[in-house]
Each structure stands twice: as C-alpha cells, then as structure tokens.
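Residue numbers (this note's numbering): 122 to 329. The beta-carbon is built from N, C-alpha and C at its ideal position, and this holds for glycine as well. In what follows, a structure is listed as structure tokens, so that the remarks can point back to it.
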C-alpha cells in the first residue's frame, strides 16, 4: 500500500472528531496548497490559518501527504459525485460519467492541485480505483462487472491522460460536448453485459 493510501486508511480508522474543525483544516490547507504549492506549504502554516494546533492536524491526517490527499479527495468528491452519477437514468450513464470527468478537470483550481507532483498523481490513482472503479463494480453487479468497470475506467483514464496530463493536440482541442459525442458510444459498449460463451460452444463453432 502506498503512503497516501496508508494515510487515508489511518484517517478513516480514526475518530472523526469535530467535523467543522476538520473541514476548516481542509479548507485552510486547500487555500495554502493553491497559493504556495505542496512543497512550500507547512503544517504549521495550515494550523495557523485554521486556528488549530499542528498536533491536531497530525492526529486527523497523519502527515502533510495525508492532508493533501484529503484535500484532493474532497475536491474530487464535490465535483465527481459518484452517487449522483450512478443514480440517474442508466441509458445516459455514459454521458454523466464523461461530464463528471470533464467538469472536474476543467476546474482551474483542481488542475493547479494536480500539477503538484507525485503526491497528486497518487491521489488520482487511488480515487479512480477505490471510488470510481470499486463503486462501478458494485453498481453493475454480475459475473462480468469487474471487466466492464475496468473497461470504463480505462477509457476515462485515457481521456484524462491525453487531454489533461499529457495533452495531445486533437483531444485537447475538443469541447466537452464533442468529447461526450466521441466517447459516449464507446462507454456504452463497455458498460453493456458480455454475451456468455463457453469453451464447448467455441469448440463447436470452430469445428462445425
């Protein structure tokens, strides 16, 4: 398990404490990460901005990396609300998935946070796997749910990489609506249940 995942796991296992205090720490940290960047932001500075003792930050988040992970997770959860995406009309699920991803990545503050090195990349990977992929598997259900969810997340990950992280000219030039038009049919195919096949059936087809 990587350091960010470990910190997130420790945070989830601890008492949640006073929610307003926790939220004020995250809010103060987010503002400082945006203003100063990850490396120039200290826990002492966050504590001062939030009006709390630095030991309280260590208690809730474990480390600066754990705090940064929480800031990113909160931002992702606010912009890419998985419950809302999965809770609508199943026929328009591909459109909602694409819109959620593009809305998140078109946000200037989020883009600035994602540019802050390996820490941001680790959080993005963890969010895609533990929040989006795992929730999609649960939502889809059935014997091929993992394969279908993996295909969807792979497509969305490709969109993130080629449009935002290492942009190629053509994907980067598309509008969000054009991206939806190009990728919604692909996602719809990825989400569709696979036809059941067996080795015996394949053998009969091969030999007539």
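Where residue 298 is concerned, the enclosing alpha helix (DSSP H) starts and stops at 297 to 312. Between the beta-carbon of residue 177 and that of residue 201 there is about 28 Å, and that puts the pair past the 8 Å contact cut.
Using a C-beta cut-off of 8 Å, the region 258 to 278 makes no contact with the region 231 to 243, since fewer than three inter-stretch Cβ pairs fall below that distance.
Going by C-alpha positions, residue 216 is about 11 Å away from residue 299. Annotated as distal: residue 312 and residue 274, with beta-carbon spacing of 8 Å or more. Shown here, residue 187 sits in a helix according to DSSP, grouped into three states. For residue 237, the three-state secondary structure derived from DSSP is coil. A contact is defined here as three or more CB-CB pairs under 8 Å, and the region 193 to 207 fails this definition with respect to the region 161 to 168. Excluding five sequence positions before and after residue 174, the CB atoms of its chain that fall closer than 7 Å to its own CB belong to 168, given in chain order.
Sequence-distant partners of residue 147 (beyond 5 residues in either direction) whose C-beta falls short of 8 Å from its own C-beta, in its chain, are 188, 191, 192, 195. In its chain, beyond the 5 residues on either side, 222 have a beta carbon closer than 6 Å to the beta carbon of residue 277. With fewer than 16 other CB atoms across the displayed protein chains lying within 10 angstroms of its CB, residue 296 is exposed.
The beta carbons of residue 152 and residue 170 sit about 7 Å from each other, so the pair counts as a contact at 8 Å. Pairing residue 150 with residue 172, the inter-Cα distance amounts to about 12 Å. If one requires a minimum length of 4 residues, the alpha helix (DSSP H) runs lying completely within the region 205 to 258 are 214 to 227, 229 to 235, 239 to 247, in chain order. In this model, residue 304 and residue 186 are separated by some 34 Å (Cα to Cα). Spanning the alpha carbons of residue 214 and residue 143 requires a straight line of approximately 33 Å. Membership of residue 273 in the alpha helix (DSSP H) is indicated by the continuous run 266 to 281.
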